[in-house]
Structure formats: C-alpha cells, structure tokens
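Asks:
There are 2 protein chains.
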Amino acid sequence: MNDSSKRILIVGLGLMGGSYAKALKSKGHHITAITLDRDSVDYALSNGIIDEGDTEVNDGYVESCDIAVFALYPHTFIEWIKNHGRLFRPGTLITDVTGVKGSVVGEVQSLLPEGVEFISAHPMAGRESSGIINSDCSVFKNANYIVVPTEKNTERAIRTCEWLGRELGFGRISQLSPDEHDKMIAFLSQLTHCIAVALMCANDDEQICNYTGDSFRDLTRIAKINETMWSELFSLNKKYLVDEIDSFTEQLSRLREAIDKDDFDTVKSMMIKSTERRKTFDKDRRK
Amino acid sequence: MNDSSKRILIVGLGLMGGSYAKALKSKGHHITAITLDRDSVDYALSNGIIDEGDTEVNDGYVESCDIAVFALYPHTFIEWIKNHGRLFRPGTLITDVTGVKGSVVGEVQSLLPEGVEFISAHPMAGRESSGIINSDCSVFKNANYIVVPTEKNTERAIRTCEWLGRELGFGRISQLSPDEHDKMIAFLSQLTHCIAVALMCANDDEQICNYTGDSFRDLTRIAKINETMWSELFSLNKKYLVDEIDSFTEQLSRLREAIDKDDFDTVKSMMIKSTERRKTFDKDRRK
C-alpha cells in the first residue's frame with residue numbers, strides 16, 4: 021500500500037460494486053466489501069477483486085475506511101444508512117452510484133453523523149447483465165461520471181469525488197445538481213429504457229431475430245432489464261420520466277403525421293436536425 | 021479468374037454498392053461498376069475494389085455480366101431499368117439492395133425483357149455513413165440477408181441469390197415475400213429510425229453528450245440519417261410504417277400510464293416480457 025492509497029469500503033458487490041472494486045484495487049487501494057451474498061464475497065476474494073469481505077455489517081470495515089461507496093438499490097441504501105450510518109467515523113467520505121438523486125441525496129445527508137459527508141455521484145456506464153461475475157471496469161473508459169453535489173457539500177468532498185471518478189478511469193467528470201441530474205437521466209437513460217421495453221413488447225413474432233439488422237439490435241440491447249431495480253428508479257423519478265416520455269411521444273407523433281400526410285419537408289427537416297445533433301456526439305471520444 | 025467466378029456488374033457505387041464490390045472482388049469475381057460520380061469510380065479503381073468502371077451506362081458491362089446488382093434509390097433503380105433494361109442479354113440475373121419491395125419488385129420484373137430475371141434481396145447490414153469511401157464488407161459478417169422472391173421467380177434464381185448472400189459473407193439467409201418483407205422492415209428498421217430521429221428532436225440541450233451513457237448513444241446512432249433516401253423509403257412503405265409507429269406508441273403509452281399510476285406490476289411484467297424476448301437474440305451469433 022503506497023502513501024496515496026486509501027481504504028475503500030464497497031457496500032453491495034453486484035455489477036457496479038464489483039467493477040468499482042476491480043478498478044480501485046488495480047490502483048493499489050485497500051478494498052473491503054460488505055454484501056449479502058456469500059458467493060459474491062468468495063468470488064471477489066478468490067479473484068483478487070477485494071482484500072477483505074463480509075456478508076455481515078463488519079464494524080471494522082465501516083470504522084476504518086476513508087471512503088465508502090454504496091452500490092445498492094435506492095431504498096436499501098437509505099435503510100442501510102439508517103441502521104448503520106452512525107458507525108462511520110468523522111472524516112469518512114461516503115459516495116454512491118444511485119441512478120436517481122432527488123429522493124436519495126438529501127435524506128442520506130440528513131441521516132449521517134456529524135463530520136461524515138455524503139457526496140453523490142452517478143457513473144454513466146453499465147451493462148445489461150448483473151452480478152459481480154459480469155463486472156468489468158473497462159466500461160468506465162471514456163465514459164461520463166457525474167458528481168451531484170448539494171449546498172451541504174464541501175469543496176474538499178467534491179474534489180475527492182472527482183478524483184475517485186478519474187481513479188476509476190472515467191473519461192469526463194461533470195457536475196449537476198440533484199434536480200438537473202434527475203431530469204437529464206429521465207431523458208438520457210430512463211426514457212431510452214422505456215423505449216427499448218415498449219419496442220420489444222410491440223411485436224410478438226419470434227422470428228424477428230432472423231431478419232433484423234444492427235439498428236434494432238442496438239435499440240433493444242437495454243430491453244434486457246432488471247425489473248426490480250428499474251421499477252424502483254422509475255418510481256422515484258416518475259415526475260420527470262413521464263414528462264420526457266410525453267415530449268418524445270410528441271416528436272414521434274409529429275413525424276408520424278408528416279409521413280401520413282406526405283409532408284416530407286417536415287420529415288426531412290427532422291432528419292436533418294437529428295443528424296446535426298447526433299454529430300456533436302462524434303466530436304466526443306466515443307461514438 | 022477461376023471457373024466459378026462470375027462477371028458481376030454493380031450499378032451505384034455508394035456505401036452498399038462499394039461494400040458488395042469489395043466482398044465479391046475478394047472472392048475472385050470480375051467486377052464492373054456504373055456510377056454517376058467520377059471520384060467514386062477513380063477511388064474504386066485505384067483501391068482495387070472493381071476491375072472496370074464507368075460513369076456512363078456502358079453497354080459492354082451491361083451486355084456481358086452474369087449478375088447485375090442495383091444499389092440505387094428505389095425510383096432511380098426503376099428509372100434505370102425503364103431506360104436501359106433492354107440492354108441485358110437473356111440469362112442475366114438482376115438483384116438489388118433496395119429497402120422496400122412491394123412498390124419496386126413487381127414493376128422492375130414487368131419492365132425487363134424476356135429471359136432476364138429480377139430476384140430481389142435485402143442485405144440487413146449498413147452504416148450510418150455514406151459513399152464508397154465508407155464501404156466495408158465486414159458488416160456483412162454474421163448479418164442477415166433476406167431473399168424476397170415473387171411467384172415469377174425461378175428456383176434457379178432463388179438459389180443463385182442465396183449463393184450471392186453467402187458469397188458476400190452473410191451469416192443467415194432467409195426468405196420473405198415482398199409484403200412480409202415490407203411489414204417486417206417497417207418494424208425492424210424504419211420504426212427504429214423514426215424513434216432515433218424523434219429522440220434527438222426531443223431535447224435541444226447541447227450538453228447532453230457530457231452526461232450520456234451507452235444506452236442513449238446506442239439508441240441514437242442511426243439518428244445520423246440520409247434524409248433523401250429515408251424519406252423515399254418511408255414514403256414507399258407508409259402504410260406499414262404508420263401502423264408500426266402506432267403499435268409501438270400504444271405500448272409506450274401503456275408503460276407511461278402504468279408508471280404514472282404506480283402500477284408497477286404492469287411495468288415489471290412488460291420488462292420481464294422484453295427481457296425474455298430480447299434474450300432470443302443472444303442465442304443468435306450477434307448480440
């Protein structure tokens with residue numbers, strides 16, 4: 021362990037917790053983990069993904085860590101902090117990977133003892149599979165990492181959280197407020213998952229995979245979805261998500277009317293706009 | 021040139037014509053090409069993609085080919101056949117890459133001289149860029165190739181068209197009637213392009229690429245779209261496309277209502293269905 025290495029506790033060794041552990045262990049940090057599933061602990065230990073692991077809330081890990089990363093479902097995260105948050109010693113920094121922020125950040129901040137700071141973050145990388153066995157920190161490469169501070173956060177915590185994003189290998193670190201984050205995520209992530217689910221539900225022909233090209237494959241990759249986690253995320257962000265579904269449906273309906281009425285000037289103008297906007301993504305490192 | 025090699029004429033050296041030329045030239049066939057753009061001919065010749073090329077309708081190429089592949093916009097294809105179809109000698113097989121079939125296949129078949137057979141096909145592979153400079157026959161690997169015969173086609177022509185699909189490197193060769201094809205393509209390809217366009221039109225925030233993950237990138241890759249070609253394809257397949265947009269919108273609206281009313285049993289059941297259906301794609305060679 022070198023001088024700059026930290027003791028990092030990861031709570032929840034699923035796909036994302038496992039990917040964090042892999043990335044941070046490879047940087048020389050000391051990684052402890054608490055997760056319900058014994059097999060996940062055993063897998064992580066025998067594959068050198070963590071240094072120590074427990075299926076119980078191990079007081080030693082909690083009290084001795086510099087940074088704790090929570091990779092749990094939102095309600096489980098809040099319950100955990102309610103039950104065990106008092107164990108953290110002052111000076112500990114807590115962060116998370118939760119997909120919605122407004123209903124989580126304020127509550128977690130209010131539950132923690134004096135001197136223990138929670139700075140929220142959202143790693144915009146994942147996979148349509150779950151479990152530590154599918155964890156892979158290469159998905160962080162060039163991906164976006166959003167730090168989501170509130171007015172209660174210190175500059176030091178924000179800087180440490182940004183450092184963590186870089187340490188994990190993310191390509192771009194940005195900042196959004198919890199509200200900005202939830203609105204953005206309703207559009208970029210939750211709406212796209214709704215579209216993929218609706219698209220797969222719209223056709224019951226079992227032969228479609230014999231005829232499809234890449235476009236349908238790309239649009240439905242995320243139709244393989246963890247219904248428990250995503251239902252919770254949708255529920256917690258319902259206000260923004262319903263708005264974003266409506267605004268997308270309005271554009272699709274506009275396109276449909278134009279096609280139906282042979283108004284191909286409108287069709288073309290929408291295509292030109294979508295092409296221009298999508299091109300800005302290609303100036304980015306990823307396509 | 022070995023015994024089994026053929027003289028293949030490609031009309032239209034764009035992204036798809038160029039990719040056909042590359043694949044077929046590498047198999048030892050003699051490739052001629054007719055295309056409007058001099059730069060495309062020069063590029064193809066200097067890069068060894070074709071054996072001979074012309075910007076004019078070269079009677080020699082037309083009269084001497086075994087197989088002619090048309091990689092043109094639908095109306096340009098029909099116009100070409102009207103003006104020059106009589107030049108083909110009996111025994112020549114004509115095929116295409118056109119994205120809609122019902123409004124094309126019957127008309128082209130009726131325009132050709134006795135003994136010249138048109139067997140339609142749709143290679144389900146492409147790229148969100150255009151021009152021979154972006155052509156790439158590796159996109160055919162493991163992709164789907166749909167032969168679209170009518171009752172006028174001979175068994176010999178169907179077999180030759182299937183052979184061509186294999187020769188190009190496609191992974192699976194299927195057959196659909198023109199109507200089945202157009203309905204299938206309205207769902208698998210045209211609807212997905214409509215969704216991508218509507219999604220990019222639904223948000224004018226120029227910063228979204230700073231926050232996005234792979235799901236939004238995947239869903240909008242095809243939002244970079246050639247507005248002239250796709251408007252023509254949408255127009256020619258309007259009946260099926262409007263139906264498919266409606267049926268997708270109905271599912272999305274069902275999901276929206278369930279989220280709005282906290283009916284997460286329905287949300288979960290749709291997610292479970294989408295997950296099950298999408299998994300059948302993974303039994304396939306491509307994800």
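Line by line, the protein sequences give chains L and G.
Residue numbering for the first sequence follows our numbering, beginning at 21 and increasing consecutively.
Residue numbering for the second sequence follows our numbering, beginning at 21 and increasing consecutively.
Quick reminder that beta carbons are idealized off the backbone N, C-alpha and C, glycines included.
Which chain G residues are close to GLN271 of chain L, counting only those with a beta carbon under 7 Å from its beta carbon?
Replies: For the purposes of this step, residue 271 of chain L is taken as residue 251 along the first sequence, with counting starting at 1. Per Cβ cutoff of 7 Å: ALA218, CYS221, ALA222.
Asks: Could you give the distance in angstroms between the alpha-carbon of HIS142 of chain G and the alpha-carbon of GLN271 of chain G?
Replies: Translated into the one-based positions of the second sequence, residue 142 of chain G becomes position 122. Translated into the one-based positions of the second sequence, residue 271 of chain G becomes position 251. Distance between the alpha carbons of HIS142 of chain G and GLN271 of chain G: 28 Å.
Asks: Going along the chain, which residues of its own chain have a beta-carbon closer than 6 Å to the beta-carbon of ASP86 of chain G, five neighbours each way excluded?
Replies: Locating residue 86 of chain G in the second sequence gives position 66, where the first residue counts as 1. Cβ neighbours of ASP86 of chain G beyond the five flanking positions: LYS26, ARG27.
Asks: From SER39 of chain L to PHE190 of chain L, what does the alpha carbon distance come to, in whole angstroms?
Replies: Here residue 39 of chain L corresponds to residue number 19 of the first sequence, with the count starting at 1. Here residue 190 of chain L corresponds to residue number 170 of the first sequence, with the count starting at 1. Each residue's Cα considered, the two are about 12 Å apart.
Asks: Let me make sure I understand the geometry here. Which of L:SER66, L:ASN103, L:SER60 has the alpha-carbon closest to that of VAL77 of chain L?
Replies: Residue mapping note: residue 77 of chain L aligns to position 57 of the first sequence, counting from 1. Closest option to VAL77 of chain L, Cα to Cα, is L:ASN103.
Asks: Taking Cβ-Cβ distances shorter than 7 Å, what residues in chain G pair up with THR300 of chain L?
Replies: Numbered from 1 along the first sequence, position 280 holds the residue referred to as residue 300 of chain L. Under the 7 Å cutoff, chain G gives GLU226, CYS229.
Asks: Threshold first: 3 residues or longer. Then list the beta strand (DSSP E) segments lying entirely within the stretch 188-222 of chain L, N to C.
Replies: As far as the stretch 188-222 of chain L is concerned, its whole beta strand (DSSP E) runs of at least 3 residues are 192-195.
Asks: For GLU171 of chain G, count neighbouring C-beta atoms within 10 Å of its own C-beta (all shown protein chains included) and say buried if the count is 16 or more, exposed if not.
Replies: As a working note, residue 171 of chain G is residue 151 in the second sequence. Counting Cβ neighbours within 10 Å, GLU171 of chain G comes out exposed, since fewer than 16 surround it.
Asks: Run down chain L in chain order and give the residues with a C-beta less than 8 Å from the C-beta of ALA243 of chain G.
Replies: Stepping through the second sequence from its first residue, residue 243 of chain G is reached at position 223. In chain order: SER294, THR295, ARG297, ARG298.
Asks: Tell me whether the stretch 117-124 of chain G and the stretch 200-220 of chain G touch, counting them as touching only if at least three CB pairs, one residue from each stretch, are closer than 8 Å.
Replies: These segments touch.
Asks: Given this structure, state the Cα-to-Cα distance separating GLU226 of chain G from THR300 of chain L, to the nearest angstrom.
Replies: As a first step, residue 226 of chain G must be located in the second sequence, where it is residue number 206. As a first step, residue 300 of chain L must be located in the first sequence, where it is residue number 280. Looking at the two C-alpha atoms, the distance is approximately 8 Å.
Asks: How is the alpha helix (DSSP H) around GLU127 of chain G delimited, first residue to last?
Replies: Taking the first residue of the second sequence as 1, we reach residue 127 of chain G at position 107. That run of the alpha helix (DSSP H) goes 125-131.
Asks: Measure the beta-carbon distance from ALA91 of chain L to VAL31 of chain L and round it to whole angstroms, keeping in mind my assumption that it falls under 8 Å.
Replies: Counted from its first residue, the first sequence places residue 91 of chain L at position 71. Counted from its first residue, the first sequence places residue 31 of chain L at position 11. The pair is a contact, with the Cβ atoms about 7 Å apart (cut-off 8 Å).
Asks: Decide if LYS45 of chain G is buried, meaning its Cβ has at least 16 other Cβ atoms within 10 Å, or exposed.
Replies: In the second sequence, residue 45 of chain G corresponds to position 25, counting from 1. Looking at its Cβ environment, which holds 16 or more other Cβ atoms inside 10 Å, LYS45 of chain G is buried.
Asks: List the residues of chain G that VAL287 of chain L touches, going by C-beta distances under 7 Å, in chain order.
Replies: Position 267 of the first sequence, counted from the start, is the residue given in the question as residue 287 of chain L. Chain G residues near VAL287 of chain L: SER251, PHE254.
Asks: Write down the C-beta distance between MET249 of chain L and SER294 of chain G rounded to the nearest angstrom, noting that I regard them as a contact closer than 8 Å.
Replies: Residue 249 of chain L sits at position 229 when you count from the first residue of the first sequence. Residue 294 of chain G sits at position 274 when you count from the first residue of the second sequence. Not a contact, Cβ separation roughly 14 Å.
Asks: Report yes if the C-beta of SER60 of chain G is less than 6 Å from at least one heavy atom of the ligand ATP; otherwise report no.
Replies: By its list of ligands, the structure shown contains no ligand whatsoever, and the ligand ATP lies outside what it can speak to.
Asks: Could you have a look at ALA53 of chain L and say whether DSSP puts it in helix, strand or coil?
Replies: If you number the first sequence from 1, residue 53 of chain L lands on position 33. If DSSP states are grouped into helix, strand and coil, ALA53 of chain L belongs with the strands.
Asks: ALA145 of chain L by DSSP, collapsed to three states: which one?
Replies: As a first step, residue 145 of chain L is located in the first sequence; it is residue number 125 there, counting from the start. Correct three-state label for ALA145 of chain L: coil.
Asks: Determine, for SER9 of chain L, whether the minimum Cβ-Cβ distance to residues of chain G falls below 7 Å.
Replies: Outside the shown range of chain L, which is 21 to 307, sits residue 9 of chain L, and nothing can be said about it.
Asks: Can you grab the Cα-Cα spacing for the pair SER273 of chain G / CYS214 of chain L, in whole Å?
Replies: Residue mapping note: residue 273 of chain G aligns to position 253 of the second sequence, counting from 1. Residue mapping note: residue 214 of chain L aligns to position 194 of the first sequence, counting from 1. Each residue's alpha carbon lies about 10 Å from the other.
Asks: Shortest alpha-carbon distance to GLY105 of chain G belongs to which of G:PRO133, G:SER149, G:LEU113, G:SER150?
Replies: By 1-based counting over the second sequence, the position of residue 105 of chain G is 85. Nearest option by C-alpha distance: G:PRO133.
Asks: If I'm right that ILE152 of chain L touches TYR63 of chain L with Cβ under 8 Å, what's the distance once you round it to whole angstroms?
Replies: Along the first sequence, one-based indexing puts residue 152 of chain L at 132. Along the first sequence, one-based indexing puts residue 63 of chain L at 43. The pair is a contact, with the Cβ atoms about 6 Å apart (cut-off 8 Å).
Asks: Helix, strand or coil for LYS259 of chain G? Go by DSSP, reduced to three states.
Replies: On the second sequence, position 239 is the one that residue 259 of chain G refers to. Reduced to three states, the DSSP call for LYS259 of chain G is helix.
Asks: Ordered along the chain, which non-local residues of its own chain (more than five positions away) have a Cβ less than 7 Å from that of ILE51 of chain L?
Replies: Counted from its first residue, the first sequence places residue 51 of chain L at position 31. Same-chain partners within the cutoff: ILE28, ILE30, ALA41, LEU44, LYS45, ILE70, ASP71.
Asks: Whole angstroms are fine: how far does the CA of LEU188 of chain G sit from the CA of PHE160 of chain G?
Replies: One-based indexing of the second sequence puts residue 160 of chain G at position 140. One-based indexing of the second sequence puts residue 188 of chain G at position 168. PHE160 of chain G and LEU188 of chain G: Cα-Cα distance of roughly 7 Å.
Asks: Exposed or buried, what is TRP298 of chain G when buried is set at 16 or more other beta-carbons lying within 10 Å of its beta-carbon?
Replies: Sequence index remark: in the second sequence, residue 298 of chain G carries index 278 (1-based). One detail in the question is off: residue 298 of chain G reads as Arg in this sequence, not Trp. That one is buried.
Asks: Name, please, each residue of chain G whose Cβ falls closer than 8 Å to the Cβ of VAL262 of chain L.
Replies: Position 242 of the first sequence holds residue 262 of chain L. Simply ARG276, ILE279, ASP280.
Asks: Reducing DSSP to helix, strand and coil, say where SER155 of chain L ends up.
Replies: To locate residue 155 of chain L, count along the first sequence from 1; it is residue 135. It is coil, neither helix nor strand.
Asks: DSSP state of ASP86 of chain G, grouped into three classes?
Replies: Here residue 86 of chain G corresponds to residue number 66 of the second sequence, with the count starting at 1. Correct three-state label for ASP86 of chain G: coil.
Asks: Establish whether the CB of ASP283 of chain G and some CB of chain L are separated by less than 7 Å.
Replies: For the purposes of this step, residue 283 of chain G is taken as the residue at position 263 of the second sequence. Not closer than 7 Å to any Cβ of chain L, the Cβ of ASP283 of chain G fails to qualify, so no.
Asks: Measure from the C-beta of MET291 of chain G to each C-beta in chain L and report whether the shortest distance is under 7 Å.
Replies: In the second sequence, the residue the question calls residue 291 of chain G occupies position 271. True, the Cβ-Cβ gap to chain L drops below 7 Å.
Asks: What does CYS214 of chain L touch in chain G if you count any residue whose Cβ is under 7 Å from its own?
Replies: Against the first sequence, residue 214 of chain L aligns to sequence position 194. Within chain G, the residues near CYS214 of chain L are LEU272, LEU275.
Asks: Who are the near neighbours of MET36 of chain G in its chain, counting only those whose CB is closer than 6 Å to its CB and skipping five residues on each side?
Replies: Position 16 of the second sequence, counted from the first residue, corresponds to residue 36 of chain G. Excluding positions up to five away in sequence, the list reads ALA91, VAL117.
Asks: Could you check how far apart the C-beta atoms of SER255 of chain L and ASP282 of chain G are, in whole angstroms? I think they sit under 8 Å.
Replies: Here residue 255 of chain L refers to the residue found at position 235 of the first sequence. Here residue 282 of chain G refers to the residue found at position 262 of the second sequence. The pair is a contact, with the Cβ atoms about 7 Å apart (cut-off 8 Å).
Asks: Specify the secondary structure class of SER289 of chain L as computed by DSSP and reduced to three states.
Replies: Translated into positions along the first sequence, residue 289 of chain L becomes position 269. DSSP places SER289 of chain L in helix when its eight states are reduced to three.
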